[in-house]
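Below is one structure, written out as C-alpha coordinates; the observations come after it.
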Amino acid sequence: MPHTAFLFALITAQFCITITHKCNGNPIPQFPAILVFGDSSVDTGNNNYILTPFRGDHPPYGLDFPGSLPTGRFSNGKLVPDILASMIGLKETIPPFLDPYLSEQDMLTGVSFASAGSGYDDLTTSLSHVIPMSKQPGYLKDYVRRVEGIVGEKEAARIVGSALVIVSAGTNDFIFNFYDVPTRRIQFTIDEYQDFLQKQLRNVVKVQILALYFILLHVYG
(Lines of atoms letter the chains of each structure in order from A and count residues from 1; the text may use other names and numbers.)
(Lines give C-alpha, C1' and ligand atoms only; values in the text may rest on other atoms or scores of the structure.)
Protein backbone atom coordinates (compact mmCIF):
# COMPACT_ATOMS: atom_id res chain seq x y z
CA MET A 1 0.00 0.00 0.00
CA PRO A 2 2.75 2.58 0.74
CA HIS A 3 4.20 1.99 -2.73
CA THR A 4 0.73 2.37 -4.28
CA ALA A 5 0.09 5.57 -2.38
CA PHE A 6 3.49 6.94 -3.39
CA LEU A 7 2.88 6.06 -7.04
CA PHE A 8 -0.54 7.71 -6.97
CA ALA A 9 1.01 10.80 -5.38
CA LEU A 10 3.53 11.01 -8.21
CA ILE A 11 0.82 10.60 -10.84
CA THR A 12 -1.30 13.22 -9.10
CA ALA A 13 1.57 15.71 -8.93
CA GLN A 14 2.43 15.22 -12.60
CA PHE A 15 -1.21 15.52 -13.58
CA CYS A 16 -1.48 18.82 -11.68
CA ILE A 17 1.52 20.19 -13.57
CA THR A 18 0.47 19.09 -17.05
CA ILE A 19 -3.33 19.27 -17.01
CA THR A 20 -4.16 22.33 -14.88
CA HIS A 21 -2.74 25.76 -14.35
CA LYS A 22 -2.72 25.14 -10.59
CA CYS A 23 -3.74 22.50 -8.08
CA ASN A 24 -4.17 24.66 -4.98
CA GLY A 25 -7.33 26.70 -4.87
CA ASN A 26 -9.58 26.29 -7.88
CA PRO A 27 -7.99 24.26 -10.70
CA ILE A 28 -8.68 25.49 -14.22
CA PRO A 29 -9.94 22.67 -16.46
CA GLN A 30 -8.09 22.15 -19.72
CA PHE A 31 -10.67 19.70 -21.10
CA PRO A 32 -14.38 20.32 -21.67
CA ALA A 33 -15.23 16.67 -20.97
CA ILE A 34 -13.83 13.29 -19.91
CA LEU A 35 -14.74 10.15 -21.87
CA VAL A 36 -13.90 6.78 -20.33
CA PHE A 37 -13.58 3.27 -21.79
CA GLY A 38 -12.56 0.11 -19.96
CA ASP A 39 -13.35 -2.37 -17.19
CA SER A 40 -14.19 -2.25 -13.46
CA SER A 41 -11.26 0.08 -12.80
CA VAL A 42 -13.22 2.85 -14.56
CA ASP A 43 -16.83 1.60 -14.71
CA THR A 44 -18.86 4.11 -12.70
CA GLY A 45 -22.06 2.08 -12.88
CA ASN A 46 -22.91 0.94 -16.42
CA ASN A 47 -23.29 -2.67 -15.30
CA ASN A 48 -26.26 -1.59 -13.17
CA TYR A 49 -28.22 -1.29 -16.42
CA ILE A 50 -27.34 -4.56 -18.18
CA LEU A 51 -28.09 -8.21 -17.39
CA THR A 52 -24.89 -9.45 -15.76
CA PRO A 53 -23.82 -10.87 -12.39
CA PHE A 54 -20.85 -8.46 -12.41
CA ARG A 55 -22.45 -5.66 -10.42
CA GLY A 56 -21.18 -3.29 -7.76
CA ASP A 57 -24.55 -1.89 -6.65
CA HIS A 58 -24.53 -3.56 -3.25
CA PRO A 59 -22.59 -3.36 0.04
CA PRO A 60 -19.74 -3.23 0.90
CA TYR A 61 -19.11 -1.15 -2.24
CA GLY A 62 -19.55 2.59 -1.78
CA LEU A 63 -18.71 2.69 1.91
CA ASP A 64 -16.55 5.80 1.49
CA PHE A 65 -18.48 7.29 -1.43
CA PRO A 66 -20.47 10.48 -0.70
CA GLY A 67 -23.63 9.29 1.02
CA SER A 68 -22.02 5.88 1.73
CA LEU A 69 -24.16 4.29 -0.98
CA PRO A 70 -23.12 1.66 -3.53
CA THR A 71 -23.22 3.21 -7.00
CA GLY A 72 -22.04 0.40 -9.25
CA ARG A 73 -18.39 1.33 -8.81
CA PHE A 74 -16.25 -1.63 -7.79
CA SER A 75 -14.67 0.47 -5.09
CA ASN A 76 -15.28 1.73 -1.57
CA GLY A 77 -15.15 5.28 -2.97
CA LYS A 78 -14.40 7.24 -6.10
CA LEU A 79 -12.54 5.84 -9.11
CA VAL A 80 -9.61 7.48 -10.90
CA PRO A 81 -11.83 9.20 -13.53
CA ASP A 82 -13.88 10.74 -10.70
CA ILE A 83 -10.74 11.97 -8.98
CA LEU A 84 -9.31 13.44 -12.18
CA ALA A 85 -12.59 15.19 -12.99
CA SER A 86 -12.59 16.74 -9.54
CA MET A 87 -8.92 17.74 -9.77
CA ILE A 88 -9.43 19.71 -12.98
CA GLY A 89 -12.58 21.34 -11.68
CA LEU A 90 -14.89 19.67 -14.19
CA LYS A 91 -17.26 17.91 -11.79
CA GLU A 92 -17.09 15.67 -8.74
CA THR A 93 -17.91 12.34 -10.40
CA ILE A 94 -18.13 10.81 -13.88
CA PRO A 95 -21.55 9.23 -14.45
CA PRO A 96 -22.20 6.01 -16.40
CA PHE A 97 -23.47 6.57 -19.92
CA LEU A 98 -26.29 4.04 -19.51
CA ASP A 99 -27.86 5.95 -16.61
CA PRO A 100 -31.31 6.93 -17.98
CA TYR A 101 -31.44 9.99 -15.73
CA LEU A 102 -28.32 11.78 -16.94
CA SER A 103 -28.64 15.55 -16.86
CA GLU A 104 -27.65 17.70 -19.82
CA GLN A 105 -24.69 19.05 -17.85
CA ASP A 106 -23.50 15.51 -17.13
CA MET A 107 -23.70 14.69 -20.82
CA LEU A 108 -21.74 17.77 -21.82
CA THR A 109 -18.92 17.24 -19.31
CA GLY A 110 -18.35 13.55 -19.96
CA VAL A 111 -19.39 10.01 -19.14
CA SER A 112 -18.00 6.53 -18.72
CA PHE A 113 -18.73 3.82 -21.29
CA ALA A 114 -16.74 1.23 -19.30
CA SER A 115 -18.13 -2.09 -18.13
CA ALA A 116 -16.82 -4.11 -15.17
CA GLY A 117 -15.53 -7.53 -16.24
CA SER A 118 -14.71 -6.31 -19.74
CA GLY A 119 -11.49 -6.77 -21.67
CA TYR A 120 -9.81 -6.34 -25.02
CA ASP A 121 -10.36 -10.02 -25.81
CA ASP A 122 -14.02 -10.63 -26.68
CA LEU A 123 -13.70 -14.10 -25.14
CA THR A 124 -13.42 -12.39 -21.76
CA THR A 125 -17.04 -11.26 -21.89
CA SER A 126 -18.54 -14.40 -23.43
CA LEU A 127 -19.80 -15.66 -20.05
CA SER A 128 -20.12 -12.44 -18.08
CA HIS A 129 -22.33 -10.73 -20.71
CA VAL A 130 -20.81 -7.33 -20.01
CA ILE A 131 -19.90 -4.76 -22.66
CA PRO A 132 -16.67 -5.77 -24.46
CA MET A 133 -14.08 -3.13 -25.29
CA SER A 134 -14.73 -3.70 -29.00
CA LYS A 135 -18.32 -2.46 -28.59
CA GLN A 136 -17.79 0.42 -26.18
CA PRO A 137 -16.72 2.90 -28.90
CA GLY A 138 -20.12 2.30 -30.50
CA TYR A 139 -21.69 4.10 -27.56
CA LEU A 140 -19.59 7.13 -28.45
CA LYS A 141 -21.74 7.69 -31.56
CA ASP A 142 -24.90 7.64 -29.44
CA TYR A 143 -23.26 10.02 -26.99
CA VAL A 144 -22.34 12.47 -29.77
CA ARG A 145 -25.89 12.46 -31.13
CA ARG A 146 -27.25 13.28 -27.69
CA VAL A 147 -24.73 16.07 -27.17
CA GLU A 148 -25.58 17.47 -30.61
CA GLY A 149 -29.21 17.58 -29.53
CA ILE A 150 -28.21 19.75 -26.57
CA VAL A 151 -25.66 22.18 -28.03
CA GLY A 152 -25.65 21.63 -31.79
CA GLU A 153 -23.21 19.92 -34.13
CA LYS A 154 -20.30 22.37 -34.00
CA GLU A 155 -20.18 22.68 -30.22
CA ALA A 156 -20.59 18.90 -29.85
CA ALA A 157 -17.64 18.38 -32.21
CA ARG A 158 -15.55 20.81 -30.17
CA ILE A 159 -16.42 19.08 -26.89
CA VAL A 160 -15.74 15.56 -28.15
CA GLY A 161 -12.66 16.57 -30.15
CA SER A 162 -11.11 18.27 -27.11
CA ALA A 163 -12.15 15.72 -24.47
CA LEU A 164 -9.74 13.85 -22.22
CA VAL A 165 -10.06 10.14 -23.13
CA ILE A 166 -9.22 7.47 -20.54
CA VAL A 167 -8.79 3.80 -21.47
CA SER A 168 -8.18 1.19 -18.74
CA ALA A 169 -8.53 -2.57 -19.27
CA GLY A 170 -6.59 -5.81 -19.75
CA THR A 171 -6.47 -7.39 -16.29
CA ASN A 172 -9.59 -9.49 -16.82
CA ASP A 173 -8.21 -10.91 -20.06
CA PHE A 174 -5.34 -12.53 -18.18
CA ILE A 175 -7.41 -13.56 -15.15
CA PHE A 176 -10.29 -15.13 -17.08
CA ASN A 177 -8.56 -16.51 -20.18
CA PHE A 178 -4.97 -17.22 -19.25
CA TYR A 179 -4.79 -18.09 -15.54
CA ASP A 180 -8.17 -19.12 -14.07
CA VAL A 181 -9.48 -20.79 -17.23
CA PRO A 182 -6.43 -21.46 -19.44
CA THR A 183 -8.29 -21.13 -22.75
CA ARG A 184 -5.85 -18.73 -24.34
CA ARG A 185 -2.85 -20.43 -22.71
CA ILE A 186 -3.47 -23.34 -25.07
CA GLN A 187 -3.20 -20.97 -28.05
CA PHE A 188 -0.60 -18.44 -26.93
CA THR A 189 2.52 -18.05 -24.86
CA ILE A 190 2.36 -15.16 -22.38
CA ASP A 191 4.30 -12.93 -24.77
CA GLU A 192 2.06 -13.89 -27.70
CA TYR A 193 -1.08 -13.15 -25.67
CA GLN A 194 0.31 -9.76 -24.66
CA ASP A 195 0.90 -9.00 -28.34
CA PHE A 196 -2.63 -10.16 -29.15
CA LEU A 197 -4.13 -7.84 -26.52
CA GLN A 198 -2.01 -4.92 -27.70
CA LYS A 199 -3.35 -5.46 -31.20
CA GLN A 200 -6.90 -5.46 -29.84
CA LEU A 201 -6.16 -2.22 -27.97
CA ARG A 202 -4.88 -0.61 -31.16
CA ASN A 203 -8.08 -1.64 -32.92
CA VAL A 204 -10.21 -0.04 -30.19
CA VAL A 205 -8.21 3.19 -30.39
CA LYS A 206 -8.46 3.21 -34.20
CA VAL A 207 -12.24 2.86 -34.00
CA GLN A 208 -12.40 5.78 -31.57
CA ILE A 209 -10.17 7.95 -33.74
CA LEU A 210 -12.11 7.11 -36.91
CA ALA A 211 -15.39 7.88 -35.15
CA LEU A 212 -14.08 11.28 -34.07
CA TYR A 213 -12.66 11.92 -37.55
CA PHE A 214 -15.99 11.32 -39.28
CA ILE A 215 -17.80 13.43 -36.68
CA LEU A 216 -15.49 16.36 -37.35
CA LEU A 217 -15.60 15.77 -41.11
CA HIS A 218 -19.39 15.81 -41.05
CA VAL A 219 -19.47 19.11 -39.17
CA TYR A 220 -16.61 20.99 -40.79
CA GLY A 221 -16.41 19.34 -44.18
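According to mature numbering (1 follows the signal peptide of the UniProt record, and there is no 0), the sequence shown holds residues -25 to -1, 1 to 196 in order.
All residues carry an ideal CB built from backbone N, CA and C; glycine is no exception.
Just so it is clear, the structure is predicted and the values come from calculations on it, not from any experiment.
In this structure, Gly92 and Phe29 form a Cβ contact; the two beta carbons are roughly 4 Å apart against a cut-off of 8 Å. With a cut-off of 8 Å on Cβ pairs, the stretch 106 to 126 is in contact with the stretch 69 to 89, counting three or more such pairs.
For Val142, the enclosing beta strand (DSSP E) starts and ends at 139 to 143. It is roughly 16 Å from the alpha-carbon of Tyr154 to the alpha-carbon of Ser101. Between Phe151 and Thr99, the gap from beta carbon to beta carbon is short of 8 Å. Cα atoms of Asp97 and Thr146: separation of roughly 13 Å, rounded to the nearest angstrom. For Val126, the uninterrupted alpha helix (DSSP H) segment begins and ends at 111 to 126. For the options Ser61, Thr158, Asn21, Gln175, the alpha carbon positioned closest to that of Gly94 is the one of Gln175. Judged by pairs of C-beta atoms under 8 Å, the stretch 134 to 144 does not touch the stretch 154 to 169, as fewer than three such pairs exist. The continuous stretches of alpha helix (DSSP H) do not include Leu65, and DSSP gives it neither H nor E. Counting along the chain, Phe12 sits inside the beta strand (DSSP E) bounded by residues 9 to 13. The criterion of a C-beta distance shorter than 8 Å is not satisfied by Gly37 and Asn23. Counting the other Cβ atoms within 10 Å of the Cβ of Leu44 gives fewer than 16, which makes it exposed. Between the stretch 55 to 65 and the stretch 108 to 125, the count of Cβ pairs shorter than 8 Å is below three; the stretches do not touch.
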